[in-house]
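Remarks on the structure that follows.
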Amino acid sequence: MAEEYLVSCDAGGTMTDVVVIDSAGRFVIGKHPTTPQDEGLGYWGSFADALSYWGMDLEKAKGEICSQIGMAVYGGTTMLNTLITRSGAKVGLLITRGFEDILRTGRCKQAYAGQPLSDTYRMVLRKHAEPLVPKKLIKGVTERIDLFGNVRIPLYEDDVSEGVTKLLDQGIEALVISFLQSYINPAHEKRAAEIARDVMKGMGKEIPIFTGSNLSPIAREVSRTNTAIVQAYAVEPVRKHLFRIEQKLKDNGYPANLHTVLGYGGKCDIRYERLYESLASGPVGGLFGAAYLGQVIGEQNIVCTDVGGTSFDVGVITQGIIPLEREPLVARMFVTMPMTDCRSIGAGTGTYIRLDPYTNSIKLGPDSAGSVPGPVSYDSGNETPTIGDCDLVVGILDPDYFLGGKVKLNVDKAYTALKERVADPLGLDVYDVAEGVIRMVDDSMHQHLWTLMVGRDPKDYVVFGYGGGGPMHLAGYVGDLPWKGIATVPYASAASALGCAAMDYKHRFHKTVSTFVPYQADEAAKMAAAQVLNYQWDELEETAAVELVKEGVPKEKITFTPVAYMRYNGQWIQDLETRSPVHRIRSGADMDKLIDEFQRVYTSVYSTAGRYPEAGFHVGEIAVIAVAPTIKPTLPKYDLAGKKPPAQARRGRRRVYSDGEWQEAEIYEMDELQPGNEVSGLAVIEAPSTTFFVPSDREVYIDEWKVFWLRRKTV
Amino acid sequence: MSEIVKTAEKAAKGKTLKQRLEENEKLFVETGCLFGLEELELKEKDPINYGILWNTFQNMLYTAYETARRISGSVTLTEQGECMWGLLTPTGDSIVTSGGIPCHLSPQSLTVKNIIRLNYEEDPGINEGDIFENNLTQFGTTHAGDIHDLLPIFWERELVGWAGGMNHAVEVGSMLPGSNCNMHPNMFGEGMHVCLEKVGSNYEFHRSYLMRVEHCVRTPSAWVLDCKARVGGSVIIRDKVLDLIKKYGVDYYKNVTQELIEDGRRNGVQRLKKQSVPGRLRKSTFFDMVMNGRGLIPQQQNNFIRSLPIETKLGLDGRMEISLDGATQVEPFGTNTTPENMKAGTLIPFVQLVGHEMPNSGTASLFDLEAPAGSCVNAFATNPFAGSLSGWSCVHPYGQTMFELISRSYFSRGFVEEVVSSAGNSGGSRIILEGIGMYGKHGVFDNMEMVAMPMPARAIADGDPCCWSSVHSMPDQTNAESYEAWYPALYLGRNIEPDSGGFGKYRGGLAFTSVFMIMNTPGLWGTNEAPPNSLSAGNYGVYGSIPTGPRGADWTHRANLKELAESRKPLIHSRRSGDLRSPEILKLQGDIHNEILGWCNDPEQFKEYDVIVCQRAGQPGMGDPIERDPALVKKDLDEGDTFLWTANNIFCVEASYDDKAEEWRIDYDKTEKRRQEMREKRKSRGQPFKEWWKTERKKVIAKEMREEIVAMLRSSMQLGPRTNKEIREFWRLPSDFNF
């Protein structure tokens, strides 16, 4: 049987990682700097790097290799960059008259959302981002439908034709139509689209039309409009870019279509209509990688922690379910786009260290030196010390083995910057400051973790640390919470690309509804509410089946999960994703099961004190998750070797400043450590792409899956 | 059941909380440092640990805020963030606050101090699991709508601090719906007052309290969910504090929290010293109500003007003295307040401009404030029953004006990036309606969207629209569809209002206007919210700018919207179009009520297809409008942010519209000529000061002015000795002269 590879890519802000998996599930990881001007270059370079570990030369045998790819998956940042650099299509917007300014007002919140807490106190730091559609290309249309779907003001059709004519005259490349309450009754949007098509026909033009009700039938006009605009503005240019990557693969024999990654985790064909859902796929891979690993090793509750150069991202998986944010902030806009709920703070290895001139206190970030210019030790022009410089000064990082020795780090320069900018003004020792600042950043990450663990018991959760800086700070940021386990893996720096490979083929379909179950309702009241849910689930399931079959997924391979978003009646916004324990609600007892599930989820977050069943229960949105399985990597299980690491794993000893003094640390080569080995702190376990720091009160055990478990030493 | 512990027996060094509070106050007076801390030993010894603790506290409060507000049942708390949580010392000093409404750290602190001063240690006792609640202005809150819950934190039976949460409730059971209406003439009828009461034990609310809620407010479930949110957040804080004490030790905790507060004070002092010019700054702000022949009681049926002069003196030590001498008398409305609440108002700009790094009681200690007894800003000194349901009516415009005073000082020192042109014309024309909603249930509806304010002009740029709020650190205008799901309305517009910002070299941020029809209800009644509409501009802008017009609301009964829509005729989507002086509502038929006279100070009845137009106030400008870059005027014209009339007559810019390119063109030569003409015109209007003074003095002596102004001056001079003296001296009034 011919080999069939799965090739998965995650093009991040700094590095592009490619994982190649063979039909036996073995995999190799390639890395290449991201090439923002043409991400395809970085992709191809990383692909070649990965194959080199199997002794294969992509350039020499590309035809042979590409013809054996069963599925190629590409996750990148092109769409996000298109939004940030304002380099997308020229979009025109028809919107309910009176709402032409909603992109500029951004519900107020868009002016500050995403800012660090201390900055939110300062109004002078607020400024709205430039809208994707300028006022000139926005035309009002008189119409109104109320929240029950009743037409209260008829569609002024002349407004539509006049608006479209003017917009076409101005050379728009795509048209968005977004009217209030269209999610409940799309009639006006549909009719406006028909008129627009007629106008275009009359003018001999043809451009794509997007309506809010078609793309995202979800209440909240600001986010729904943003969503449709993102689709019109960024998706088509990005799709073209993805087609170029696909074409290159196909030119070399790749027989299938290119796939990409959706923000809620799931693969899809790049021809997928609502490709905007792939906009924020950045942190998704890591969570899915962790969930997949958890599945293999039998862990259902996982805290996923990713330390990069600029941020610390955390997602909490409970009972194997990856949490979702349904109205996330992306590129400074709220969008109605289900997206993996991964919370970030500005703390990473590139985070700047400064002294506040008024309080003489150390301030960390929130900004960062990123990869360019990078920490002071990169010698690339930055003179403000960073966390990475502290890691270097205290000896955790090896100046000659950073990225496998490809980058030489300047210890003296890092030392001087720390001394002059921080230690001397405080009258403290440089090494004490460096170690202290590491403690500060670790603690700040720890507080972020704690925030997300409110209402959860750490004893039920395993913390996975990944990303380039994850293993280096893992021992620090897990703190003293009583975790079930703390772990990392040798492929930590490419966990995201591996996660992309591990995803199923998946789409989600959401719809705003409104139904209510009173407290202690009788059978009739429960079934009245059930009827609404069952009907809408049926509709969404049908839509999902049609769409996936159209994309080539056999219907019998699709599984559907019905979801209700529930709250206590009267709660203003907060609702919780409740996966229905039954496929359809056929009795009052079934409804009780749904309510019990909601209350279980609610209590886990807000405690029993926050429960208020006497108010009754409200469902404001429903969803159907349609999933079809795909090829996945297989994590190999190894025989256990002895506790003592082999000689080739030892790289000698190095002085590390830890616990206020210089101590000798054992240095290990991560790839040479064997399952069953144990490493006692103080130690540094190094790999070309990551460094795992083991403090003196900790030890590491490597299990049969080659998972590195960090645990406290037993006295 | 937890064991009852009398804190008096367990307080540190055997002293009562009251003794400790008095001792702290004495130490501050004696040393100028909070708690007498002349050195920050823990910070100096280990700045790393100290920094970690501060970050931990901030994150703890952020977590409480983000988690607990989602429990709530009200849009004000969940979406607009009209809430705050805080951690306090045993004696009620605020250590750290969450985002939300940080100026409430002062009322929160005062609430605990009142618990101590009233000797609650003895009766009713302070025990683990107790919940104390207050929404009575006299005991610390700003108005009955701002409800505070406080929970004592115990460590090994010693009271080591307090965790508290507050939020603005949508409805408090007052005679007129809502929680903010100005029309209540006194405290009777302001709704359900909780007078610094113990309302819960063992972290549960008492049955009797819940019964009271059930029967005394219009929306009990919303009230109860808010209670759960306040207490839920406080419990998160308590748990984390106990973890920290476990980790660092109780002594370290007690000492470091005091240092953090003193550090907050020093941080503010440093910033004021570095960025300000010491000395005296003054600003007057006015407010009026047109009430002749209207009102609920006879005393309300007169027009009046409130004067609220502000004088600040910044000392070389970075400490500010604020005097409100000259403030006018107690008003027969719910518009009065206390000096303590004016201090909270002072914190609005102080948190934004001075103490944003460490907002806590240290920030609140940077200034002293005095307000004349019997004035509207010190009402309870002479009238224990004064109305204060809309106490923000005084606090809000005062706090906004303080932005200008601090900014002028920063500007003088050259810190232009930090400067704003004051912060607004008070609130927006919000409405509060009661009746049967679209789901057939009784409810109260409040378009809190109006909290989303534009930014004032800065010394380096125009103000952005709809991006902040003077009191909320994280305001949210949210979606019109969210409001339509809450109250029976159909929105017709929510756009930026052209020319609503003050005119200047840099213009003030533009406000948005909400236009909606009443829909899907058999009928509603209601009033406007506080502060009520005013003919006076609360702030006028600085350095030569021209003030924006007063905010206001228009409304109409029996509008012909339905007929207009059926015949596809233009409807109404904004307050004005085409011209600064042409209200859109006048184009409709019906019983039109336009502008600020008459809007809803009296309750009104509404039915379907009635139209309401609410405008949030625009922000003041900075600098002379004829110095504005014509390119910025063109941008405003292109975006529909200014009218041609304004461009021509206020900015003195010559512009014409290019139909083909669909944009405006500026004629720079004609613009310069026009501006030169304006300069000449201004010069010709000028007169020597002495001439002006002589002419005006005659009018003053003859009292040739509106009777409302005479009454205002009379009240100012009666209550304010300094004002009395200054007015007499300035106008050289005869000794027997009185207004």
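Taken in order, these protein sequences are the chains called A and B.
Here the working numbering is used: the first residue of the first sequence is -18, the next is one more, and so on.
Here the working numbering is used: the first residue of the second sequence is -9, the next is one more, and so on.
Glycine residues also receive a C-beta, built at the ideal position from the N, C-alpha and C atoms.
Quantities reported herein were computed from a predicted structural model and do not represent experimental measurements.
- Here DSSP, grouped into helix, strand and coil, assigns A155 of chain A to strand.
- Here E20 of chain B is exposed: its Cβ has fewer than 16 other Cβ atoms, across all protein chains shown, within 10 Å.
- Look at the segment 450 to 464 of chain A: the residues with a C-beta under 8 Å from a C-beta of chain B are D461.
- Taken in chain order, the members of the segment 589 to 601 of chain A whose beta-carbon sits within less than 9 Å of a beta-carbon on chain B are A590, G591, R592, Y593, E595, A596 and G601.
- Judged by DSSP in its simplified three-state form, F160 of chain A adopts coil rather than helix or strand.
- Among the residues of the segment 490 to 502 of chain B, those with a Cβ less than 8 Å away from any Cβ of chain A are F502, in the order of the chain.
- Residues of chain B with a Cβ closer than 9 Å to the Cβ of K117 of chain A are, in chain order, D628, E629, E652 and E653.
- Within chain B, the residues placing a beta-carbon under 7 Å from that of D337 of chain A are E347, ordered along the chain.
- Any Cβ of chain B closer than 8 Å to the Cβ of L161 of chain A would place that residue at the interface, and such an atom is present.
- Chain-ordered, the chain B residues with CB closer than 8 Å to the CB of E202 of chain A read N469, A470 and E471.
- In the three-state reduction of the DSSP assignment, F269 of chain A falls in the helix class.
- With a cut-off of 8 Å on Cβ pairs, the segment 443 to 456 of chain A is not in contact with the segment 359 to 366 of chain A, counting fewer than three such pairs.
- Non-local C-beta neighbours of S402 of chain B in its own chain, meaning closer than 7 Å and more than five positions away in sequence, comprise V267, ordered along the chain.
- Note: G121 of chain A is bridge-paired with A:I76 in the DSSP secondary-structure output.
- Annotation: Cβ neighbours of P465 of chain B in chain A (cutoff 7 Å, chain order): C89.
- Buried is the label assigned to C73 of chain B, since at least 16 other Cβ atoms lie within 10 Å of its Cβ.
- Around the beta carbon of N109 of chain B, fewer than 16 other beta carbons lie within 10 angstroms, which makes this residue exposed.
- With fewer than 16 other Cβ atoms from the protein chains shown falling within 10 Å of its own Cβ, P14 of chain A counts as exposed.
- Non-local beta-carbon contacts of Y400 of chain B in its own chain, meaning distances under 7 Å to residues more than five positions away in sequence, involve Q265, S266, E408 and V409 in chain order.
- Taking 8 Å as the threshold, the shortest C-beta distance from H109 of chain A to chain B falls below it.
- For the segment 41 to 63 of chain B, the beta-carbon criterion of a distance under 7 Å to any beta-carbon of chain A is satisfied by G41, I42, N45, T46, Q48, N49, Y52, T53, T57, R60, I61, S62 and G63.
- Annotation for K263 of chain B: G308 place their beta carbon closer than 7 Å to its own, counting only its chain and skipping 5 residues before and after.
- Around the beta carbon of R270 of chain B, a 10 Å sphere encloses fewer than 16 other beta carbons of the protein chains shown; the residue is thus reported as exposed.
- Contact check for A668 of chain A and D678 of chain A: beta-carbon distance about 23 Å, past the 8 Å limit, so the pair fails to qualify.
- At least 8 Å separates the beta-carbon of G491 of chain B from that of G335 of chain B.
- Under the three-state reduction of DSSP, G190 of chain B is assigned to strand.
- Spanning the alpha carbons of Q212 of chain A and F191 of chain A requires a straight line of approximately 8 Å.
- Taken in chain order, the complete beta strand (DSSP E) segments of 3 or more residues contained in the segment 264 to 330 of chain B are 269 to 279, 294 to 304 and 310 to 313.
- By the Cβ test, the segment 310 to 326 of chain B is in contact with the segment 285 to 299 of chain B, since at least three Cβ pairs between them sit closer than 8 Å.
- For the pair of segments examined, the segment 475 to 487 of chain A was found to touch the segment 263 to 277 of chain A: the number of CB pairs separated by less than 8 Å reaches three.
- The alpha-carbon separation between E124 of chain A and T503 of chain B amounts to approximately 18 Å.
- The continuous stretches of alpha helix (DSSP H) do not include W686 of chain A, and DSSP gives it neither H nor E.
- In the structure shown, M(-4) of chain A adopts extended strand secondary structure according to DSSP, grouped into three states.
- Interface annotation for the segment 299 to 313 of chain A against chain B: empty, criterion Cβ-Cβ distance under 7 Å.
- Taking 8 Å as the CB threshold, A468 of chain A stays off the interface with chain B.
- With a beta-carbon spacing of about 5 Å, I61 of chain B and G591 of chain A fall inside the 8 Å limit used to define contacts.
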